[in-house]
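K.L.:
Number of protein chains: 2
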Amino acid sequence: MGNAITLQDIATNAGVSKSTVSFVMQGSPLVAEATRKKVQESAQRLGYVYNRAAASLRSRQTGNLGFIVSSVSNPFFAELTDGVEQFLGTESKTVLLGQHSEDLVAQERLINSMLESRVDGMIIVPAYGTSAKEISRILTLNIPTIILTRRVMNANLHYIGSDTSAGAHEAVRHLLAHKRKNIFLVGGRVGTPAHEERVEGITKAMQETKIAGANFTVIGDSVTRQAGFDAAKELISNGINNVGILAYNDIVASGILAAFRDSKYKVGQDLSVIGIDDIESSRFESPALTTIEVNVSELGRMAAESLLKLVAGESKVKKAVYLKNKLIIRESCGCTPGKKVAS
Amino acid sequence: MGNAITLQDIATNAGVSKSTVSFVMQGSPLVAEATRKKVQESAQRLGYVYNRAAASLRSRQTGNLGFIVSSVSNPFFAELTDGVEQFLGTESKTVLLGQHSEDLVAQERLINSMLESRVDGMIIVPAYGTSAKEISRILTLNIPTIILTRRVMNANLHYIGSDTSAGAHEAVRHLLAHKRKNIFLVGGRVGTPAHEERVEGITKAMQETKIAGANFTVIGDSVTRQAGFDAAKELISNGINNVGILAYNDIVASGILAAFRDSKYKVGQDLSVIGIDDIESSRFESPALTTIEVNVSELGRMAAESLLKLVAGESKVKKAVYLKNKLIIRESCGCTPGKKVAS
DNA sequence: TGAATTTTTTGTATCGATACAAAAAGGGAG
DNA sequence: CTCCCTTTTTGTATCGATACAAAAAATTCA
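Chains as they are written, first to last, in our numbering: chain A, 1303 to 1645; chain B, 1303 to 1645.
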């Protein structure tokens, strides 16, 4: 440990100077081919391991990128993380992972920790309730940062997310096309931008519809499978009549479907359920879940790609990107392979 | 950027020496309370951000820990990652995340990258096919490392996993108790330690049973939901008769259940299916999946905990830990709330 | 061949913290 | 008021790389 091999050791071994070895390590074209080979062999022979901490101290570039997310055990964030990591990994960047579990204090600690690690940039899925104040640190230090999927008002940072409002709008139009006039939005934290966007899209659909008596209700204030399950149980006990459910996301939808499988009502027949996200397991649900496809890993990849551009100093990176998403019709809405409803 | 605040700036501002400021930053008890307060105020005022790279260069401790996994989009690894991260996060360690996607070359690059970042220790879920040779680098450098869930022969590193063989044994005993004499192991990469462990447990159960004509077949060579789906389709086309399926894991089981929901056979009634892992979504399956519970996030947490002990230099850390796991009886095996089969 | 270039290589200061030993300041006892 | 011991504080070398300017070697050209 204490006797780790350093650049100097290689220099001595190869009979050149430290500087030359440094050039080789950085892949600089300034060094003669023969020298490069000689140095690389010495490094190999001595079992050298590059010390990034030392390098970054002087060069002011760590190659570290921070990724802060709510919790990777949530499949949506897991896919997101996967997308980000996959892209960044091939670019030989190191990803520092942090989970805030929707806790603002934890989030602040994480951000701070990443800053201490001198990340070249970060991607953050902000915790519920994050305001511009919470991330002011990043702004002051001027670290390239991308806010992912959840908007933060007045943050003045790059944003990438999906056009949830449009998605919710399309989903509810579809529910209405199935003559489900009692629309429910199940799950989500009321008041958060993510929830607001859904409400916005739904409201628009409600205003456009010509169906008499169409109405819209919000239930639940949480985003777990269990929450979906519980909310559905409650709906069931009140009786199901012309019900169309838009779940906050596919996880919540999964809980809803589970609850209805235990009931006398058949999803698709007696009511319609649509999710949002299209996580991998949704097409294996029963009934297969109709959902708004959000290309999650693409979202992650895009964030990673944009971040790299920002870090590289490219100026023409879009300030805000809203990924288009589309309705994937499966069975839970009531459509069947032979009989799709036009919305 | 270039004009970031340093310890020296704080020292000047607070009217003390660099050394004193350093002590304060490390929370050393050597410094007088009044001085500490003064320094902290200066740091606050100047917007100081601790530079870990600089610190670790001299102190030889980075506080970085590496976590290498196959892919976080797999729920099993996602929960594992969650467990690891949750524990490490509170200990103010930074987690460097890497995904090898079962690619040995990618894995080697990752390990190397972590070593360059001078991680204090690492937790690795090795890629399929990893041998002691692949991780020799770690051994040479003597970095505290824990191999998680998948064994690597002759690695001589700490190992934490679940007792899969015992789990598979219990699962198959249960299948046999349901009079399913045609046992199938579906999914998994044949030849890997993880697969071997399952085969071992199953074989033991087959040897113990008194059921005439009991037999055991391996199908599939992959570990995705789709693989489970496809394998089940094939079984269905051959006709189902006294079939008991042990799925390689819950993901594969999820695909199997989906395939049977499309068929004339009812899982639980016409055949039995048992999974392994008990990931969060399994109890929401239909029928609810009977499975071998592996407390995944606990596994992650234990790995994290052990790693911290190793890093701290504690010597009495167990070399290998096999977490006990238990059979969670739900519906897919054929038991019903009122009528459980004793195995 | 020698001067002018171009290509390689090197020396030295530096990044921002910690380690360690040594100095200064406080406190109590005699 | 000293002396001695304890508590605080400080000075200086150091970790292992890169930056930058300058030197040395190789090549080109007149």
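Even for Gly, the Cβ is constructed at its ideal location relative to N, Cα and C.
Does Thr1638(A) come within less than 8 Å of chain B when only Cβ atoms are used?
P.N.:
The residue given as residue 1638(A) occupies position 336 in the first sequence. No, its Cβ sits nowhere closer than 8 Å to a Cβ of chain B.
K.L.:
Pick out the complete alpha helix (DSSP H) segments inside the stretch 1371-1442 of chain B, 4 residues or longer, and give them in chain order.
P.N.:
Within the stretch 1371-1442 of chain B, the complete alpha helix (DSSP H) segments at least 4 residues long are 1377-1392 and 1406-1418, listed from N- to C-terminus.
K.L.:
Using a Cβ-Cβ cutoff of less than 6 Å, which residues in the same chain neighbour Val1520(A) once the five nearest sequence positions on both sides are dropped?
P.N.:
Residue numbering aside, residue 1520(A) sits at position 218 when the first sequence is read from its first letter. Counting only Cβ-Cβ distances below 6 Å, and skipping sequence neighbours, we find Leu1487.
K.L.:
Under 8 Å, do Ala1355(B) and Arg1603(A) count as touching if we go by C-beta distance?
P.N.:
Within the second sequence, residue 1355(B) is the residue found at index 53, counting from 1. Within the first sequence, residue 1603(A) is the residue found at index 301, counting from 1. Cβ atoms of Ala1355(B) and Arg1603(A): not closer than 8 Å.
K.L.:
Step through the CB atoms of chain B and report whether any lies within less than 8 Å of the CB of Gly1423(A).
P.N.:
Numbered from 1 along the first sequence, position 121 holds the residue referred to as residue 1423(A). No, because no Cβ of chain B sits closer than 8 Å to the Cβ of Gly1423(A).
K.L.:
Could you check whether Ala1434(B) and Gln1409(B) sit closer than 8 Å to each other, using their CB atoms as the reference points?
P.N.:
Mapped onto the second sequence, residue 1409(B) falls at position 107. Mapped onto the second sequence, residue 1434(B) falls at position 132. No.
K.L.:
With distances taken Cα to Cα, identify the nearest neighbour of Arg1347(B) among Asp1384(B), Thr1308(B), Val1333(B) and Glu1381(B).
P.N.:
Locating residue 1347(B) in the second sequence gives position 45, counting from the first residue. That would be Thr1308(B), whose Cα lies nearest to the Cα of Arg1347(B).
K.L.:
Is the Cβ of Thr1432(B) closer than 8 Å to any Cβ of chain A?
P.N.:
Here residue 1432(B) is taken as the residue at index 130 of the second sequence, counted from 1. Not one chain A Cβ lies under 8 Å of Thr1432(B).
K.L.:
Please work out which residues of its chain come closer than 6 Å, Cβ to Cβ, to Asp1580(A), disregarding the five sequence neighbours upstream and downstream, and give them in chain order.
P.N.:
Mapped onto the first sequence, residue 1580(A) falls at position 278. So the qualifying residues of the chain are Thr1593, Glu1595 and Ile1630.
K.L.:
Here's the rule: buried if 16 or more other CB atoms are within 10 angstroms of the residue's CB, otherwise exposed. What is Ser1332(A)?
P.N.:
The residue you call residue 1332(A) lines up with position 30 of the first sequence. First, the amino acid is wrong: residue 1332(A) is Leu here, not Ser. By the 10 Å Cβ count, Leu1332(A) comes out exposed.
K.L.:
Can you give me the Cβ contacts of Ala1614(A) inside the same chain, cut-off strictly under 8 Å, excluding the 5 residues immediately before and after it?
P.N.:
Start at 1 with the first residue of the first sequence, and residue 1614(A) comes out as number 312. Counting only Cβ-Cβ distances below 8 Å, and skipping sequence neighbours, we find nothing.
K.L.:
For the putative contact between Asp1384(B) and Ser1373(A), defined by C-beta atoms under 8 Å, what is the C-beta separation to the nearest angstrom?
P.N.:
Along the second sequence, read from residue 1 onward, the residue named residue 1384(B) stands at position 82. Along the first sequence, read from residue 1 onward, the residue named residue 1373(A) stands at position 71. About 6 Å separates the two Cβ atoms, so the contact holds.
K.L.:
Rounded to whole angstroms, what is the Cα-Cα separation between His1497(A) and Lys1506(A)?
P.N.:
The residue labelled residue 1497(A) in the question sits at position 195 within the first sequence. The residue labelled residue 1506(A) in the question sits at position 204 within the first sequence. Between His1497(A) and Lys1506(A), the C-alpha separation is close to 14 Å.
K.L.:
Apply the 10 Å Cβ neighbour rule to Met1303(A) and answer buried if 16 or more other Cβ atoms are within range, or exposed otherwise.
P.N.:
By one-based count along the first sequence, residue 1303(A) stands at place 1. Unreliable placement is indicated for Met1303(A), whose pLDDT of 44 sits below 50; no coordinate value is reported for it.
K.L.:
For a contact defined as C-beta to C-beta under 9 Å, what are the partners of Ala1533(B) on chain A?
P.N.:
Locating residue 1533(B) in the second sequence gives position 231, where the first residue counts as 1. Within chain A, no residue comes near Ala1533(B); the closest Cβ sits about 14 Å away, beyond 9 Å.
K.L.:
Closest to Val1575(B) by CA distance: which of Leu1443(B), Arg1632(B), Ser1344(B) and Ile1448(B) is it?
P.N.:
Start at 1 with the first residue of the second sequence, and residue 1575(B) comes out as number 273. Restricting attention to Leu1443(B), Arg1632(B), Ser1344(B) and Ile1448(B), the CA atom closest to the CA of Val1575(B) is found in Arg1632(B).
K.L.:
Tell me where the alpha helix (DSSP H) around Gly1317(A) begins and ends.
P.N.:
Position 15 of the first sequence, counting from 1, holds the residue named residue 1317(A). Segment: none, Gly1317(A) is in no alpha helix (DSSP H) and carries neither H nor E.
K.L.:
Within 8 Å (strictly less), CB to CB, does Arg1563(A) reach chain B?
P.N.:
Here the question's residue 1563(A) lines up with position 261 in the first sequence. So, interface residue.
K.L.:
If Gly1503(A) and His1471(A) are in contact, beta carbons under 8 Å, what's the gap, nearest whole angstrom?
P.N.:
Counted from its first residue, the first sequence places residue 1503(A) at position 201. Counted from its first residue, the first sequence places residue 1471(A) at position 169. Between His1471(A) and Gly1503(A) the Cβ distance is about 4 Å, and since that is below 8 Å, they are a contact.
K.L.:
Would you identify the three-state DSSP class for Leu1625(A), choosing helix, strand or coil?
P.N.:
The count along the first sequence starts at 1 and reaches residue 1625(A) at position 323. Here Leu1625(A) sits in strand by DSSP.
K.L.:
Mind checking which residues open and close the beta strand (DSSP E) that includes Gly1463(A)?
P.N.:
Here the question's residue 1463(A) lines up with position 161 in the first sequence. Residues His1460 to Ser1464.
K.L.:
Only counting the same chain, and skipping five residues up and downstream in sequence, which positions put a Cβ closer than 7 Å to that of Gln1401(A)?
P.N.:
Here residue 1401(A) corresponds to residue number 99 of the first sequence, with the count starting at 1. The residues are Val1371, Ser1372, Ser1373 and Val1374.
K.L.:
With DSSP collapsed to three states, give me the class of Ser1539(B).
P.N.:
Taking the second sequence and counting its residues from 1, the one referred to as residue 1539(B) is at position 237. It is helical.
K.L.:
Can you check which of these residues, Val1427(B), Arg1439(B) and Glu1404(B), is closest to Ser1415(B) by C-alpha distance?
P.N.:
Numbered from 1 along the second sequence, position 113 holds the residue referred to as residue 1415(B). Considering only alpha carbons, the answer is Arg1439(B).
K.L.:
Mapping the DSSP letters down to three states, classify Gly1368(B) as helix, strand or coil.
P.N.:
Within the second sequence, numbered from 1, the residue matching residue 1368(B) stands at position 66. Gly1368(B): strand per DSSP, three-state reduction.
K.L.:
To the nearest angstrom, report how far apart Ile1426(B) and Val1623(B) are at their CA atoms.
P.N.:
As a first step, residue 1426(B) is located in the second sequence; it is residue number 124 there, counting from the start. As a first step, residue 1623(B) is located in the second sequence; it is residue number 321 there, counting from the start. Each residue's Cα considered, the two are about 15 Å apart.
K.L.:
Run through the stretch 1481-1510 of chain A for me and flag every whole alpha helix (DSSP H) of 4 or more residues, listed as ranges in chain order.
P.N.:
1495-1510
K.L.:
List the DSSP bridge partners of Asn1517(A).
P.N.:
Position 215 of the first sequence, counted from the first residue, corresponds to residue 1517(A). Asn1517(A) pairs with Asn1484(A).
K.L.:
Span of the alpha helix (DSSP H) holding Ile1581(B)?
P.N.:
Residue 1581(B) sits at position 279 when you count from the first residue of the second sequence. Note, Ile1581(B): premise wrong, no alpha helix (DSSP H); not H, not E.
K.L.:
For Ala1605(B), collect the residues of the same chain with a Cβ closer than 7 Å to its Cβ; drop the 5 residues on either side in sequence, then sort them by chain order.
P.N.:
Against the second sequence, residue 1605(B) aligns to sequence position 303. If we look at Ala1605(B) and ignore the five residues flanking it on each side, its Cβ neighbours are Val1386, Ile1425, Ile1448, Leu1450 and Ile1462.
K.L.:
Is Ala1549(A) helix, strand or coil by DSSP?
P.N.:
Stepping through the first sequence from its first residue, residue 1549(A) is reached at position 247. Strand.
K.L.:
Which residues in the same chain as Gly1365(B) place their Cβ atom closer than 8 Å to its Cβ, once the five residues preceding and following it in sequence are excluded?
P.N.:
Along the second sequence, one-based indexing puts residue 1365(B) at 63. Closer than 8 Å at Cβ, skipping near neighbours: Arg1354, Ser1358, Ser1394, Lys1395, Thr1396 and Asp1422.
K.L.:
Along the stretch 1462-1485 of chain A, what residues have a CB closer than 8 Å to any CB found in chain B?
P.N.:
Those residues of the stretch 1462-1485 of chain A that come within reach of chain B (Cβ to Cβ, closer than 8 Å) do not exist; the list is empty.
K.L.:
I'd like to know if Gly1570(B) contacts chain A, where contact means its C-beta is closer than 8 Å to some C-beta of that chain.
P.N.:
Taking the first residue of the second sequence as 1, we reach residue 1570(B) at position 268. It does not: the Cβ of Gly1570(B) has no partner Cβ on chain A nearer than 8 Å.
K.L.:
When you compare only the Cα positions, how much space is there between Ser1403(A) and Thr1526(B)?
P.N.:
Position 101 of the first sequence, counted from the first residue, corresponds to residue 1403(A). Position 224 of the second sequence, counted from the first residue, corresponds to residue 1526(B). Answer to the nearest angstrom: the Cα atoms are 28 Å apart.
K.L.:
Just to confirm before moving on: does the CB-CB distance between Ile1485(A) and Leu1399(A) stay below 8 Å?
P.N.:
As a first step, residue 1485(A) must be located in the first sequence, where it is residue number 183. As a first step, residue 1399(A) must be located in the first sequence, where it is residue number 97. No, these two residues do not count as a Cβ contact at 8 Å.
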